[in-house]
Every structure is written in C-alpha cells, then in structure tokens.
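Per UniProt numbering, residue 1 is the first one in the sequence shown, and the count goes up by one each step.
Below is one structure, written out as structure tokens; the observations come after it.
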Amino acid sequence: MGMGSAGPIDLAHGTVSPVNIPAWRNFPLIESVARHPAVGDRPVTLAGDAVAMTAAEHRHGAARGHKNALCLVVSTGVGAGLVLNGSVHHGLTGNAGHLGHISIDFDGETCPCGARGCLETIASGTAITRHALALDWQAPLAPLTADAAGVAAAARTGEAAAIAAFDRAARALAAGIAATAALIEIDIAVVGGGVAQSGDVFFEPLARHLRSYAAMPFLKELRVVPAELGPDAGLVGAAVLASAGTSPLATVLGHSSR
Numbered sequence: 001m002g003m004g005s006a007g008p009i010d011l012a013h014g015t016v017s018p019v020n021i022p023a024w025r026n027f028p029l030i031e032s033v034a035r036h037p038a039v040g041d042r043p044v045t046l047a048g049d050a051v052a053m054t055a056a057e058h059r060h061g062a063a064r065g066h067k068n069a070l071c072l073v074v075s076t077g078v079g080a081g082l083v084l085n086g087s088v089h090h091g092l093t094g095n096a097g098h099l100g101h102i103s104i105d106f107d108g109e110t111c112p113c114g115a116r117g118c119l120e121t122i123a124s125g126t127a128i129t130r131h132a133l134a135l136d137w138q139a140p141l142a143p144l145t146a147d148a149a150g151v152a153a154a155a156r157t158g159e160a161a162a163i164a165a166f167d168r169a170a171r172a173l174a175a176g177i178a179a180t181a182a183l184i185e186i187d188i189a190v191v192g193g194g195v196a197q198s199g200d201v202f203f204e205p206l207a208r209h210l211r212s213y214a215a216m217p218f219l220k221e222l223r224v225v226p227a228e229l230g231p232d233a234g235l236v237g238a239a240v241l242a243s244a245g246t247s248p249l250a251t252v253l254g255h256s257s258r
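Put into structure tokens, the structure is as follows:
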C-alpha cells in the first residue's frame with residue numbers, strides 16, 4: 001500500500017509534519033495506517049505528495065521519457081519532486097524537492113515553516129488570492145469565492161488586480177524553476193496542482209518570466225508544461241512507488257509498529 005503526504009516527512013519514523021497542517025506535526029501516519037484491519041499484512045510505504053506526483057508524471061504523464069525533470073504541485077502550498085538520471089530522487093530523508101521553501105525574497109514575509117521569503121508565500125494559490133485582495137480585487141460573494149480559481153476567472157476577464165497577482169506568482173515560480181535548472185540541468189518542468197488548472201492566465205506569464213530567468217545558454221531548451229494526470233497524480237504515484245518498493249524504511253516501520 002502506498003501513500004503520499006504533504007511534508008516534511010520522516011521515513012525513519014514513519015511520521016509526517018505538513019507545514020500547512022499544524023495539528024499533524026510528527027503524526028505517526030505509517031503506524032496508524034498499518035494498524036488498520038483492512039491493511040492486513042500488506043507493506044505500507046510513504047512518500048511526499050509532490051514526490052508521488054513526480055513518480056506518476058514520470059511513469060505515465062508529461063515527464064515520461066525525460067531523464068532529468070522537475071515536477072511541481074502548486075496548490076495551497078508549493079511542492080516539487082525531481083527525476084535525476086531517469087529515477088525519482090527521494091533524498092536522504094525522503095524530502096528532496098521542497099522548492100516552496102527556498103527563499104526568493106530576503107525581506108519577504110515569514111513562512112509557516114519558520115523561514116522568510118519562501119517561494120510558497122508568493123506562488124501558492126493562497127498567496128495569489130491574498131495578493132489579489134491586497135490589490136483591491138473584489139471577489140463576488142466574498143469570501144466564499146475568494147480563492148485562486150476565483151482570481152483566475154477574474155484574470156480571464158481582464159481584471160488588473162487578478163492579472164497582477166498571477167503575474168507575481170508566475171515570476172516567483174519561474175525564478176525557482178530556473179534556479180533548479182541551473183543547478184541540476186533539467187530539461188522540462190511539469191506543473192500540476194490546483195493553480196495549474198488556471199490555464200493560460202498562469203502558464204503564459206510563467207513561460208514569459210522563465211525566458212528571462214533561464215538565461216544561461218544550456219537552459220534555452222528548458223520547457224514548462226502542464227501536468228497530464230490531474231488530481232489523481234498523487235494516488236497514481238503512490239501506487240507506482242509502492243510497487244517499486246522505494247520507501248523501505250517506512251515499510252519496515254509500518255510492520256514493526258503493528
């Protein structure tokens with residue numbers, strides 16, 4: 001059985017501590033699931049949700065056939081996963097790819113993770129909505145429709161505040177993608193999550209800003225494309241990783257804690 005969770009995760013102890021879910025700090029997810037009667041003796045594996053999405057897009061989606069790729073989930077937060085030399089890269093603790101928590105604004109606001117100026121504080125759907133409201137965007141029936149989808153709808157009608165909010169987020173995300181590409185030389189960035197459902201109001205400024213930030217000659221072929229697998233990508237990826245047995249520490253813990 002495979003699972004994906006917002007992180008950070010701790011494979012050694014089978015726990016998760018999602019930045020945006022304070023009540024789940026150090027939550028024993030593997031142990032809790034492994035003890036459920038329906039699981040039986042099945043092995044239980046754990047990965048970060050963006051890593052799971054990356055596994056899915058690399059096996060069945062937009063990153064298929066690419067040996068080096070960055071896959072992002074842009075939603076209430078910003079997460080990412082890496083494909084290096086043809087394989088999903090987990091990192092030593094399973095937390096490789098926390099692109100949302102690199103600092104791109106030294107004087108920016110404090111992130112829930114404790115750092116300052118994180119990409120997530122600018123490029124997430126929550127941040128897009130917050131910035132649009134700060135620019136006097138008036139959401140219909142606010143606050144019920146005050147979300148990134150509502151901002152996207154307003155941007156499609158040409159509302160300046162909504163367009164500016166998406167442009168700011170896209171610029172920040174482009175800077176993060178370009179920095180990653182310069183460091184590890186990826187050739188494609190796949191973007192999924194709720195914000196990616198906004199379509200051209202998000203991807204057009206993202207591609208435009210990426211051309212500015214990815215300035216080195218070896219980055220000129222870098223492409224950014226929408227994810228192909230939609231909201232089920234994390235589920236598909238969790239199954240892919242479980243079938244490959246790529247979270248051995250979490251699997252062992254799940255059984256030893258029963």
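Glycine included, every Cβ here is placed at the ideal spot set by N, Cα and C.
- Inclusion of Ile-177 and Ala-189 in the CB contact set at 7 Å is warranted, their separation being smaller than that value.
- For Asp-167 and Gly-79, the gap between their C-alpha atoms comes out near 19 Å.
- Between the segment 83-101 and the segment 45-64, the count of C-beta pairs closer than 8 Å reaches three or more; the two stretches touch.
- Contact between Leu-173 and Val-16 is ruled out by a C-beta separation of about 24 Å, above the 8 Å threshold.
- Secondary structure at Gly-7: coil, using DSSP grouped into helix, strand and coil.
- In the three-state reduction of the DSSP assignment, Val-224 falls in the strand class, which pools E and B.
- A distance of 7 Å or more separates the beta carbons of Ala-182 and Ile-128.
- Taking C-alpha positions only, Ile-186 is separated from Ile-102 by approximately 18 Å.
- Rounded to the nearest whole angstrom, the C-alpha separation of Asp-232 and Arg-211 is 30 Å.
- The C-beta of His-209 has 16 or more other C-beta atoms within 10 Å across all chains shown, which makes the residue buried.
- Looking from the CA of Leu-46, the closest CA among Trp-24, Leu-119, Leu-99, Ala-34 belongs to Ala-34.
- DSSP places Thr-126 in the uninterrupted alpha helix (DSSP H) bounded by 125-134.
- A residue is called buried once 16 or more other Cβ atoms fall within 10 Å of its Cβ, and Ser-243, having fewer, is exposed.
- By the neighbour-count criterion, in which a residue is buried when 16 or more other Cβ atoms sit within 10 angstroms of its Cβ, Phe-106 is exposed.
- Straight-line spacing of the CA atoms in Asp-147 and Gly-65 works out to 35 Å.
- Looking at the backbone, the Cα of His-98 and that of Ala-134 are separated by about 27 Å.
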